[in-house]
Amino acid sequence: MAEVSPSVSPALESAGSLPPRGAWHALPAQAALDVLGSGHGGLTAQAAAERLARYGENRLPHRETTPPFVVYLRQFKSPLVYLLLAATVVSLIVGEWSDAAFIFVVLQLNALIGGVQEWKAEQSAAALDRMLQATAVVLRDGVAARIDTAGLVPGDVVRLESGTAVPADLRLLHQQELAVDESLLTGESLPVIKDAAVVLHEAAPMAERINLLFAGSTVLTGRAQGVVAATGAHTQIGRIATALAAPDPTQPPLIGRLEQFSRWIGIACLVAIAVLAAVQLAQGLSILTVFLVAVALAVAAIPEGLPVAITVALAIATSRMARRNVIVRALPAVEGLGACTLVASDKTGTLTCNELTVKRLVLFDDAGPAVDGQVAGQGYRPDGGITVDGRHPTPQEQAGFLELARSAVLCNEAELRLHEETVSHLGDTVDVAFLVLAHKLGIDPDRAKAEAAQLSIIPYEPQRRYGAAFVAAYAAGPEAHRPGGRVTVHVKGALEALLPMCDGADWAQALEAGEALAAEGYRVLAVASGVVSQEAARRAAPDSLRYLRLLGLVGLMDPVRPEVPAAVERCRAAGVEVVMITGDHPETARTIARQLGIGADGAGGEAQVVSGRELTAAADEPARFAELVGGAQVFARVEPAQKLKIVRCLQEAGHLVAVTGDGVNDAPALAAADIGVAMGKDGTDVARGAADLILTDDNFASIVAGIEEGRIAYDNVRKLIYLLVSTGLGEIVLFLLAIGAGFPLPLFAVQLLWLNLVTNGIQDVALAFEKGEPGVLDRPPRPRRESLFDRRMLGQVLVAGIYMGACAFGFYVWALQRGLPEDQVRNLLLLLMVLFENVHALNARSEERSVFAVPLGANPFLILAILGAQGIHVAAMYLPGLSGVLSVQPIALADWLLVAVLACSLLAVMELRKAWLRAARRRASNG
1 MAEVSPSVSP
11 ALESAGSLPP
21 RGAWHALPAQ
31 AALDVLGSGH
41 GGLTAQAAAE
51 RLARYGENRL
61 PHRETTPPFV
71 VYLRQFKSPL
81 VYLLLAATVV
91 SLIVGEWSDA
101 AFIFVVLQLN
111 ALIGGVQEWK
121 AEQSAAALDR
131 MLQATAVVLR
141 DGVAARIDTA
151 GLVPGDVVRL
161 ESGTAVPADL
171 RLLHQQELAV
181 DESLLTGESL
191 PVIKDAAVVL
201 HEAAPMAERI
211 NLLFAGSTVL
221 TGRAQGVVAA
231 TGAHTQIGRI
241 ATALAAPDPT
251 QPPLIGRLEQ
261 FSRWIGIACL
271 VAIAVLAAVQ
281 LAQGLSILTV
291 FLVAVALAVA
301 AIPEGLPVAI
311 TVALAIATSR
321 MARRNVIVRA
331 LPAVEGLGAC
341 TLVASDKTGT
351 LTCNELTVKR
361 LVLFDDAGPA
371 VDGQVAGQGY
381 RPDGGITVDG
391 RHPTPQEQAG
401 FLELARSAVL
411 CNEAELRLHE
421 ETVSHLGDTV
431 DVAFLVLAHK
441 LGIDPDRAKA
451 EAAQLSIIPY
461 EPQRRYGAAF
471 VAAYAAGPEA
481 HRPGGRVTVH
491 VKGALEALLP
501 MCDGADWAQA
511 LEAGEALAAE
521 GYRVLAVASG
531 VVSQEAARRA
541 APDSLRYLRL
551 LGLVGLMDPV
561 RPEVPAAVER
571 CRAAGVEVVM
581 ITGDHPETAR
591 TIARQLGIGA
601 DGAGGEAQVV
611 SGRELTAAAD
621 EPARFAELVG
631 GAQVFARVEP
641 AQKLKIVRCL
651 QEAGHLVAVT
661 GDGVNDAPAL
671 AAADIGVAMG
681 KDGTDVARGA
691 ADLILTDDNF
701 ASIVAGIEEG
711 RIAYDNVRKL
721 IYLLVSTGLG
731 EIVLFLLAIG
741 AGFPLPLFAV
751 QLLWLNLVTN
761 GIQDVALAFE
771 KGEPGVLDRP
781 PRPRRESLFD
791 RRMLGQVLVA
801 GIYMGACAFG
811 FYVWALQRGL
821 PEDQVRNLLL
831 LLMVLFENVH
841 ALNARSEERS
851 VFAVPLGANP
861 FLILAILGAQ
871 GIHVAAMYLP
881 GLSGVLSVQP
891 IALADWLLVA
901 VLACSLLAVM
911 ELRKAWLRAA
921 RRRASNG
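Read in order, the letters of the sequence shown are residues 1 to 927 in the working numbering.
Shown next, in the form of structure tokens:
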């Protein structure tokens, strides 16, 4: 790597952004900053831009997109293609030049069509991957900002917290209780405790470099700040990625099942074709004719292209989901979400707006709850003030509110930037809400922090349920800008966690006040402060939090997203249960559930709430635990391990569970769920990495949209199977009847190949663009183990396939008995089969709805495909050369009308079957 700036050590140039032998761990933190030409305030925006232009983006080497020509060549890796190639060679040997040329052209066209489909699907997947942009908090010009990790450069100073994926190789500058998962690199599953102050020997192995953070590892607990030492391919994981060839993507299970299904259908078709071949040989036909017909019939009848067509259908569904704010990371999740029977949703940011606002302040004195203040305003604009029972607070009350707000500011890791029209913020939403409160009370958070020196912190962690900051006021006079001797600690967190730390607090009254706020739907936090020793501040140990004074309770309200109650009701109508899992107080959770309509009897009903404490009590009684989980709609005060256990219990009860989450503590449950759904805006990197789907807007209503699109995708998969298998069956039935009755071949090999080319190759992909049918969310989820080829599918395939084959055979016999020449009969029969498949594509648009009830404009691609297939076939009748190879010629209008009427008779037959199915469904629902 070349020189970064004039202040950069020559070692940076000679070692590709690393000191000699890559030993960043052998340098003190300040020395690493000096080598990188950076400082604790990070780089300037100009310097960062120059380095980005010089060194490129911070991206790992990735598998390049397959060139179109390679995708084209892959289309020839098929046993059926090998048969066609053999047929081409045999035709050349016996002098059938036109047949050989046509088969070769068919091979090329099939390869082009399949190649285009596969290449487009790959490009669609790549485009979706590009939508998943990881971000990092970086200091630029001394100001924290969130940027795409691809924009990181050596010398950037990055902030990290629990749940964050490390975006580059970093030399730690300082840390607080930092534990990191480096198993991706070292294979060691235990967390690694990091220490920025350590300087190691150059030969220290990677697993012992506790003053470094490596790209791809995950922050489990704590906070840290580090300087980027290497990016992209120069990181430790980047070197591994460079050395290894990226494996092919794992095949989705649905595609695997379809390939297995295609093989079974293929075996059945081959058996039928072998019987036909034996009969033909017994009738005295030449081996060449029998071989060519067998090959052509195999290509036409076996749905060998079904997995590719289904992959295209799922790729189309992923694009539709992306337009509805759902990004698909795992292809099977497309149709899997449509089958889910229960959604276990996180509350904050998914069901609510994630704009916590302080609405109530309850101050305490020796007599218990003394003042109940109401805070005006909503969201992150600092508009509104505080009143007490409709009046302005007294000076004493105001002093109490100011003390509470200032304490919450000093124990705060968020940032709030007020602009004329907008507000930008960074950090935890609770911390942001306290900063907004401070502004409302006239406190400048930046000034308050500047007037005190933060000595150490105990970061907030979900398991701890509180956070603390040890601060000292700056000394005046000669020792200005140095911390004075008096150290105070400021703590905020759950009331139950803070009460044991407080001296003189009336537990009963405090808990009663907290219960009252929670019952009104507030998220309740407590704030406390006290004086501690310098030694306690230095150690920043939880055992030093004693003899504090409880300053008061804070009631925060995160308003329900306005669109969520309707989305919950839509889930209920679709047969999908919704449960809420939250860390909030049970009464708060109950109130929010009531507003959302999550309840035993729908909107307005009371939800059954189970607390984490109740689950803990039943942990050793599996039957009791399952009973609690099965009867609850809300889980409150739930710990991460309990969330995972809840998900597994629901799965054991027979549910296909979709789980939403955004934090590192949600990752186990997201990974264990049938469908993991992570938040894209405010979710952690760990949660997104464990999920199958990502919501770009963090909105529960988008999950409902995903369920709808998943069901549509599954329906379209069934439609493709129905179309391809039934048309193949129709061709098999035609040949079985004709050859079994001793008639000449109804169609030649090249005619069969042409039929397959101009219909299935176009219409099946167009059918994948079908829109959803009415009421797709008004029916229950499909059974978890439902087969794609169920009784209904079998019935409609048999009816359609046998009718097409029998009707075509009847027409064939009638035309021969009229004395028409065989070539003319085959010409008419081929047109009939093309029209049958055109008409049947319209039948396949719905398994129950009438063709006439499905608007033609709902899928213009299919209409164009049908017209295109018919137009190509008509053109072939008039094109010299091609018409001779296919033995086709223009047809009289009367014959056209006759063949068209016969083809439309299939429409009438299938309409009768659909009417019978609809009547049977009505009888079942009424019975």
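Each residue gets a CB set at the ideal place from its N, CA and C atoms; glycine is no exception.
Strand pairing of residue 458, partner residues [DSSP]
Along the sequence shown, one-based indexing puts residue 458 at 458. Answer by DSSP bridge pairing, in chain order: 468.
As an exercise, report each continuous alpha helix (DSSP H) stretch of at least 4 residues that is fully enclosed by the region 164-211, in chain order.
183-186
Considering only DSSP beta bridges, list what residue 530 is partnered with.
Position 530 of the sequence shown, counted from the first residue, corresponds to residue 530. Residue 530 pairs with 489.
By the 10 Å Cβ neighbour count, where 16 or more other Cβ atoms means buried, how is residue 529 classified, buried or exposed?
For this step, residue 529 is matched to residue 529 along the sequence shown. Its Cβ being crowded by 16 or more others within 10 Å, residue 529 is buried.
CB-CB length for residue 576 against residue 632, believed under 8 Å:
Residue numbering aside, residue 576 sits at position 576 when the sequence shown is read from its first letter. Residue numbering aside, residue 632 sits at position 632 when the sequence shown is read from its first letter. The pair is not a contact, with the Cβ atoms about 16 Å apart (cut-off 8 Å).
Identify, in the order they occur along the chain, each residue of the same chain with its Cβ nearer than 6 Å to the Cβ of residue 232, setting aside the five sequence neighbours on each side.
Stepping through the sequence shown from its first residue, residue 232 is reached at position 232. Once the five neighbours on either side are set aside, the close Cβ partners of residue 232 are 58, 59 and 238.
Assigned secondary structure, residue 581 (DSSP; H/G/I helix, E/B strand, else coil)
Locating residue 581 in the sequence shown gives position 581, where the first residue counts as 1. Strand.
Residues near residue 628 in its chain [Cβ-Cβ closer than 7 Å; skip 5 each side]
To locate residue 628, count along the sequence shown from 1; it is residue 628. Cβ neighbours of residue 628 beyond the five flanking positions: 610, 614, 615 and 618.
Rounded straight-line distance, which links the Cα of residue 569 to that of residue 602
The sequence position of residue 602 within the sequence shown is 602, counting from 1. The sequence position of residue 569 within the sequence shown is 569, counting from 1. Any answer about residue 602 is weak, because its pLDDT of 47 lies below 50 and its placement is not dependable; what the coordinates show is given next. If you take the alpha carbons of residue 602 and residue 569, they lie about 8 Å apart.
For residue 505, decide whether its Cβ has a neighbour in chain D, counting only Cβ atoms nearer than 9 Å.
The structure shown contains no chain D, having only a single protein chain.
In angstroms, rounded to a whole number, what distance separates the CA positions of residue 928 and residue 209?
Residue 928 cannot be examined here, being either before or after the span of the chain that is shown, 1 to 927.
Apart from the five residues on each side of it in sequence, which residues of its chain come closer than 8 Å, Cβ to Cβ, to residue 625?
For this step, residue 625 is matched to residue 625 along the sequence shown. Contacts found: 615, 618, 619, 645 and 649.
Nearest-angstrom Cα distance between residue 687 and residue 543?
Sequence index remark: in the sequence shown, residue 687 carries index 687 (1-based). Sequence index remark: in the sequence shown, residue 543 carries index 543 (1-based). Straight-line Cα distance between these residues: approximately 32 Å.
Give the DSSP bridge partners of residue 506, in chain order.
The sequence position of residue 506 within the sequence shown is 506, counting from 1. According to DSSP, which records beta bridges pairwise, residue 506 is partnered with nothing at all.
On the three-state DSSP scale, how would you describe residue 670?
One-based indexing of the sequence shown puts residue 670 at position 670. Residue 670 falls in the helix class under three-state DSSP.
In chain order, what residues of the same chain lie with their CB nearer than 6 Å to the CB of residue 281, ignoring the 5 residues before and after it?
Residue numbering aside, residue 281 sits at position 281 when the sequence shown is read from its first letter. Closer than 6 Å at Cβ, skipping near neighbours: 290.
Are the CB atoms of residue 29 and residue 325 nearer to each other than 9 Å?
On the sequence shown, position 29 is the one that residue 29 refers to. On the sequence shown, position 325 is the one that residue 325 refers to. Against a cut-off of 9 Å, the Cβ pair of residue 325 and residue 29 comes out as no contact.
Going by beta carbon distance, what residues of the same chain come within less than 8 Å of residue 599, once the five residues before and after it are set aside?
Along the sequence shown, read from residue 1 onward, the residue named residue 599 stands at position 599. Closer than 8 Å at Cβ, skipping near neighbours: 593, 605, 606, 607 and 633.
Beta-carbon proximity list for residue 771, same chain, < 8 Å, skipping 5 on both sides
The count along the sequence shown starts at 1 and reaches residue 771 at position 771. For residue 771, where only same-chain residues beyond five positions count, the Cβ hits under 8 Å are 712, 858 and 859.
May I have the straight-line CA-CA distance separating residue 903 from residue 843, to the nearest angstrom?
As a first step, residue 903 must be located in the sequence shown, where it is residue number 903. As a first step, residue 843 must be located in the sequence shown, where it is residue number 843. Computed Cα separation, rounded: 12 Å.
Should residue 840 be labelled buried (16 or more other beta-carbon atoms within 10 Å of its own) or exposed?
By one-based count along the sequence shown, residue 840 stands at place 840. So residue 840 counts as buried.
Span of the beta strand (DSSP E) holding residue 415?
For the purposes of this step, residue 415 is identified with residue 415 of the sequence shown, where counting begins at 1. 415-418 is the extent of the beta strand (DSSP E) around residue 415.
How big is the Cα-Cα spacing for residue 458 and residue 789?
As a position in the sequence shown, residue 458 is number 458, starting the count at 1. As a position in the sequence shown, residue 789 is number 789, starting the count at 1. Whole-angstrom Cα-Cα distance: 58 Å.
Going by other Cβ atoms of all chains shown within 10 Å of its Cβ, with 16 needed for buried, is residue 679 buried or exposed?
For the purposes of this step, residue 679 is identified with residue 679 of the sequence shown, where counting begins at 1. Answer is buried; the Cβ neighbour count reaches 16.
Taking its Cβ as the centre, do 16 or more other Cβ atoms sit within 10 Å of residue 507, making it buried, or is it exposed?
Here residue 507 refers to the residue found at position 507 of the sequence shown. Burial call: exposed.
State the Cα-Cα distance for the pair residue 705 and residue 714, rounded to the nearest angstrom.
Along the sequence shown, one-based indexing puts residue 705 at 705. Along the sequence shown, one-based indexing puts residue 714 at 714. Each residue's alpha carbon lies about 14 Å from the other.
Could you give the DSSP three-state label for residue 396: helix, strand or coil?
Taking the sequence shown and counting its residues from 1, one reaches residue 396 at position 396. It is helical.
By alpha-carbon positions, which one of 848, 666 and 585 ends up nearest to residue 520?
Along the sequence shown, read from residue 1 onward, the residue named residue 520 stands at position 520. Nearest of 848, 666 and 585 to residue 520, Cα basis: 585.
Using 8 Å for Cβ pairs, my map puts residue 527 next to residue 545. What's the rounded Cβ distance?
Stepping through the sequence shown from its first residue, residue 527 is reached at position 527. Stepping through the sequence shown from its first residue, residue 545 is reached at position 545. That belief does not hold up - the Cβ atoms of residue 527 and residue 545 are roughly 13 Å apart, past 8 Å.
What three-state label does DSSP hand residue 837 in the structure shown?
Along the sequence shown, read from residue 1 onward, the residue named residue 837 stands at position 837. Three-state result, residue 837: helix.
First and last residue of the beta strand (DSSP E) that includes residue 226?
In the sequence shown, the residue the question calls residue 226 occupies position 226. Per DSSP, residue 226 belongs to the beta strand (DSSP E) from 218-230.
Beta carbon of residue 492 nearer than 9 Å to that of residue 370
Here residue 492 is taken as the residue at index 492 of the sequence shown, counted from 1. Here residue 370 is taken as the residue at index 370 of the sequence shown, counted from 1. No, these two residues do not count as a Cβ contact at 9 Å.
Return the residue from the list 335, 139, 596 and 427 that minimises the CA-CA distance to residue 161.
Translated into positions along the sequence shown, residue 161 becomes position 161. Per the Cα distances, 427.
Go ahead and label residue 394 buried or exposed: buried means 16 or more other beta carbons lie within 10 angstroms of its beta carbon, across all protein chains shown.
What you label residue 394 is simply residue 394 of the sequence shown in a count that begins at 1. Classification for residue 394: exposed.
Run of the beta strand (DSSP E) containing residue 350, from where it starts to where it stops:
Looking up residue 350 in the sequence shown gives position 350. Residue 350 -> no beta strand (DSSP E), and no H or E assigned at all.
Opening and closing residue of the beta strand (DSSP E) in which residue 499 lies
For the purposes of this step, residue 499 is taken as the residue at position 499 of the sequence shown. Residue 499 -> no beta strand (DSSP E), and no H or E assigned at all.
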